[in-house]
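Shown next, in structure tokens, is the structure this report addresses.
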Amino acid sequence: MLDFFQEFFSYTFIVRAVIVGSLVALCAALLGVSLVLKRFSMIGDGLSHVGFGTITLGIGLNALGLNLAPLSVSLPLVIIAAFLLLRISENSKIKGDAAIALISGSSLAIGVIIAAKTTGMNTDVCNYMFGSILAMKKDDVYLSIALSVVVLILFILFYHKIFAVTFDEAFARATGTKAGIYNMLVALLTAVTIVIGMRMMGALLISSLIIFPALTAMRVCKSFRPVTILSAILSVTCFFTGMLLSFLYSTPAGASVVVVNLIVFCLFSLLGKIRKSGATI
Amino acid sequence: MKRALFLLVIFVLFLSGCSSTSQKVKGLPIKATKVGDNANGTVPEDASVYTTADPSDTVICTYPPDTTNPNSEKITADSKGIIEIKEKMFIAQCNDIYMNPGEYKGKTVKLEGFCDRYTDPDTKKTGYYVIRNGPGCCGNDGVAGFEFTFAGTYPEKDEWLEVIGTIELITVDDYTTVLIKADSVKVLTKRGAEFVQN
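For the record, the sequence lines run as chains A and B.
No gaps in the numbering here: position 67 of the first sequence is 67 in the working numbering, and each next residue is one more.
Plus 1000 on top of the position in the second sequence (first one is 1) and you've got the working numbering.
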């Protein structure tokens, strides 16, 4: 067992992946609770599709000779898209889920066209689609760590306001809380988390990192704080377990993490049902 | 509060600007297409091939390490300081070297793979590669590994090699890429996995 862990941590890129991945998993889990409770789960999915489109734009610009990191192109555009999605969901005649489908589908299509016309569907594009946490540049690692820390600090600083807006937005507004601004803050933090997590999990899988831990924690906990704490613990644990299994069985890292999350969700659902039936007896 | 959020957005955008690539690195190994076999390699005049009487019968031929290379004394199978690119995580480790070449420049690596070669039709220069097959974008059509240069006789195409050498960075058409300056190239009879998953 010790030899296994020694070998696992002997690879520099795995150590980097574990550090970045744990931070992203933590951010995603914390934000996930608010998003799931506010029924904004699909925003994460929509933003990841927007992220894919903007990443291919970054890769395309790079191929044309502009020395830009794809993440630096993607981040501001995904933040704008997050605000736009939020605004459309709240005010527009187009309903939230339809708006998300509209924007995510369009972004994906634009991304595929940009990729086809610039670099082609190469490994770089595939890595952003399905994730490639083991192939990260050192610059990306530092950026991901810095952004994750910013997300965590802001979440902790505004925890009570985010809780108020999540729990009962109308009541929060009535008590003078500027709900719109805190909704924007959640959207901003989600956008940042999606962009930094996309390299790791892939555009198609990153939303599961947001949704699964919160849903799993909600199977056994009933109040906001325990759900948030359990969600964070589960997310990091599932991420690490997924990485270990990926190393052990040579499976894709992102997909392994999602499958571990799924198994834990099933177990917690079962546990929740057992507890519920025990309480009713 | 609006001002605080505005400053936050500016801060995030500022952070994102920090990650602009300082160095272009061409060609992740996995996205390379298979190299051809339509040319002969050049053999230096002073090249020599050793046939060993290794009792394990794994080594067919080897070229002695370059004694002028300060790393040559370190080149033994079990010595420390050599980064061994193993069969497990072969692609991931190769990718990491291509993604972060500055981290590996000047370091000694050891890897196994089959030999392939490619002659540029324009320059007529032949490149030699130690590679393994792997998944690509359109099925299992990718390869992972490195180009290597060697002072001795280059091996034949498809021979199974163990290459030990130093990571060097070269610039081709404004792109920086990685190659191995081999100190030791052994042809082994026992072949490893030609196809690797990760």
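Even for Gly, the Cβ is constructed at its ideal location relative to N, Cα and C.
Because the structure is a prediction, the values reported are computed rather than measured.
Asked	Found
Bounding residues of the beta strand (DSSP E) (the contiguous stretch that carries residue 1182(B))	1175 to 1188
Identity of the residues DSSP links to residue 1116(B) by a beta bridge	1129(B)
Buried or exposed by the 16-neighbour rule on C-beta atoms within 10 Å, applied to residue 1110(B)	buried
Span of the alpha helix (DSSP H), counted from its first residue to its last, around residue 140(A)	138 to 157
At least 3 beta-carbon pairs within less than 8 Å: the segment 168 to 180 of chain A vs the segment 216 to 228 of chain A	no
Buried versus exposed call for residue 1128(B) [16 or more other C-beta atoms within 10 Å across all chains shown]	buried
Residue 1133(B) at chain A interface by Cβ criterion, 8 Å	no
Contact list for residue 273(A) against chain B, beta-carbon separation under 7 Å	Those within 7 Å of residue 273(A) in chain B number zero; the least Cβ separation is about 37 Å.
DSSP three-state assignment for residue 1164(B), whether helix, strand or coil	strand
Residue burial classification, residue 4(A) (beta-carbon count within 10 angstroms, cutoff 16)	exposed
Contacts around residue 154(A), its chain only, beta-carbon distance under 8 Å, and the 5 residues preceding and following it disregarded	185 and 189
Interface flag, residue 1033(B) vs chain A, CB-CB below 8 Å	With a pLDDT of 30 at residue 1033(B), under the threshold of 50, the modelled position of this residue cannot be trusted; read the value that follows with caution. It does not; no Cβ of chain A falls within 8 Å.
Cβ-Cβ distance between residue 1165(B) and residue 1108(B) below 8 Å	yes
Neighbour-count burial assignment, residue 1159(B), 16 or more Cβ in a 10 Å radius	buried
DSSP state of residue 1196(B) mapped onto helix, strand, coil	coil
Bounding residues of the beta strand (DSSP E) (the contiguous stretch that carries residue 1144(B))	1139 to 1150
Residue 169(A) in three-state terms, based on DSSP	helix
Contact list for the segment 1091 to 1121 of chain B against chain A, Cβ threshold 9 Å	1091, 1092, 1093, 1095, 1096, 1098, 1099, 1100, 1102 and 1103
Opposing strand residues paired with residue 1084(B) [DSSP bridges]	1110(B)
Same chain, Cβ closer than 6 Å to residue 1149(B), neighbours up to 5 away in sequence not counted	1181
Closer than 8 Å to chain A by CB, residue 1140(B)	no
Endpoints, alpha helix (DSSP H) assigned at residue 48(A)	41 to 63
Extent of the continuous alpha helix (DSSP H) to which residue 22(A) belongs	12 to 37
Contact set for residue 199(A): own chain, Cβ-Cβ below 8 Å, skip 5 residues either direction	71, 127, 128, 131, 132, 133, 136, 140 and 144
Residue closest to residue 101(A), alpha-carbon to alpha-carbon, out of 35(A), 79(A), 46(A) and 11(A)	46(A)
Within 8 Å of chain B by C-beta, residues of the segment 135 to 146 of chain A in sequence order	135, 136, 137, 138, 139, 140, 142, 143 and 146
Residue 128(A): contacting residues in chain B (beta-carbon distance under 9 Å)	Neighbours of residue 128(A) on chain B: none; closest Cβ ~12 Å, over 9 Å.
Residue 21(A) versus residue 138(A): straight-line alpha-carbon distance, rounded	14 Å
8 Å Cβ cutoff, residue 1195(B) in contact with chain A	no
Proximity winner among 1100(B), 1089(B) and 1081(B), relative to residue 252(A) (alpha-carbon distances)	1089(B)
Three-state secondary structure (DSSP) of residue 1121(B)	coil
Rounded distance between the beta-carbons of residue 68(A) and residue 58(A), thought under 8 Å	6 Å
Residue nearest to residue 117(A) in terms of C-alpha spacing, selected from 239(A), 82(A) and 64(A)	64(A)
Proximity to residue 26(A) [Cα-Cα], best of 246(A), 228(A), 264(A) and 259(A)	228(A)
DSSP-derived helix/strand/coil call for residue 244(A)	helix
Residues near residue 1057(B) by beta carbon distance below 7 Å, same chain, minus five either side	Since pLDDT at residue 1057(B) reaches only 39, below the 50 mark, its modelled position is unreliable, and the value read off the structure follows with that caveat. So the qualifying residues of the chain are 1189.
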